[in-house]
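Count along the sequence shown starting at 1, add 245, and that's the number in my numbering.
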Amino acid sequence: MLNVRIHKQLAHYEMNIEFEMGNEILVLVGPSGSGKTTILNSVAGLVHPDSGMIVSNKRIFFDSNEKPMPARERKIGYLFQDYALFPHMTVEKNIWYGVKKTQRNESKEMIKQLLQVLGIEHLLQKYPHQISGGEKQRVGLARALAARPSVLLLDEPLSALDKETRQQCQDELLRLHNMWKIPFMIVTHDLDEAERLGDRIIYLEQGKIADETWSVNNKNKQL
């Protein structure tokens with residue numbers, strides 16, 4: 246369970262957001278500047294609210310009355326829009342980058358399964374400039390999940406892909422969520438994508454929840 250309550254003064258408005266989520270796919274939709282990425286960054290610890298509380302499975306990420314938990318201790322997987330792969334590292338080294346040395350042996354089988362599910366075993370010795378956009382997206386997903394996160398955040402991860410590749414990656418996201426059963430929080434501008442991926446969709450306007458719906462395509466999925 247992830248509980249989020251954020252109050253933050255931004256450049257053009259005051260953000261007031263409150264919601265909770267279980268092991269579902271929650272999609273944040275809204276115009277540019279509505280606060281979607283600010284929510285992701287607040288959960289990840291890259292920015293801090295002015296006040297509020299963020300709690301994941303009883304672990305307090307942020308509380309107005311306490312020092313925020315450092316980002317590196319939150320066990321958050323974050324897939325950025327540009328995938329943020331290290332250009333000087335091979336695909337294999339990118340994927341293993343966030344795995345602690347003490348967890349490497351126990352992570353081998355899990356990462357092998359990830360590589361198979363995403364179909365990227367043949368890319369391990371390539372560098373990011375040698376692979377396609379869809380392949381970079383899969384590598385970014387593998388890296389985000391390799392560290393065994395408690396929450397996965399995805400900031401418009403499919404926006405740069407062509408239609409066919411985008412649909413394939415949507416299928417992979419749904420399959421990975423079914424395997425991992427952790428909260429996935431996704432930002433997108435694409436309403437069709439939101440309907441296809443989301444168990445629940447939150448519509449934002451100027452830092453507030455304007456509407457909230459359950460996706461028709463996923464209404465029977467369990468939290």
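Built from N, CA and C at the ideal position, the CB exists for glycine as well.
Computed from a predicted structure; not experimentally measured.
Beta-ladder partner(s) of residue i, from DSSP
i: Q254; result: E259
i: S296; result: H252
i: M314; result: The partner list for M314 (beta bridge, DSSP) is empty, contrary to what the question assumes.
i: T301; result: Here residue 301 turns out to be Ser, not Thr, going by the sequence shown. Paired residue(s): L247 and R304.
i: E265; result: N248
Range of the contiguous beta strand (DSSP E) that encloses residue i
i: D308; result: R304 to D308
i: Y323; result: I321 to L324
i: D456; result: K453 to W459
i: V272; result: I270 to V274
i: E450; result: R445 to E450
Presumed contact (8 Å Cβ cut-off) between residue i and residue j, rounded CB distance
i: L449; j: G280; result: 5 Å
i: K253; j: D295; result: 5 Å
i: L285; j: D456; result: So it is not a contact: roughly 19 Å between Cβ atoms.
i: L442; j: I321; result: The Cβ separation is near 19 Å, so there is no contact.
i: I376; j: L368; result: 6 Å
i: E265; j: V249; result: 7 Å
i: R388; j: N350; result: So it is not a contact: roughly 19 Å between Cβ atoms.
i: L247; j: S301; result: 5 Å
i: V292; j: T283; result: 7 Å
i: I454; j: V274; result: At roughly 11 Å, the Cβ-Cβ gap does not stay under 8 Å, so I454 and V274 are not in contact.
Start-to-end residues for the alpha helix (DSSP H) that takes in residue i
i: S287; result: K281 to A289
Review point. Can you list the alpha helix (DSSP H) stretches of 4 or more residues lying completely in the stretch 379-437, in chain order?
Key: 408-425
Review point. Unbroken alpha helix (DSSP H) runs of length 4 or more, entirely within the stretch 329-359: which are they?
Key: Whole alpha helix (DSSP H) segments, 4+ residues: 336-341.
Review point. Any chance the stretch 395-402 sits against the stretch 423-440, with 3 or more Cβ pairs inside 8 Å?
Key: yes
Review point. Taking three-plus beta-carbon pairs below 8 Å as touching, is the stretch 372-391 in contact with the stretch 399-410?
Key: Cβ pair count under 8 Å is three or more, so yes.
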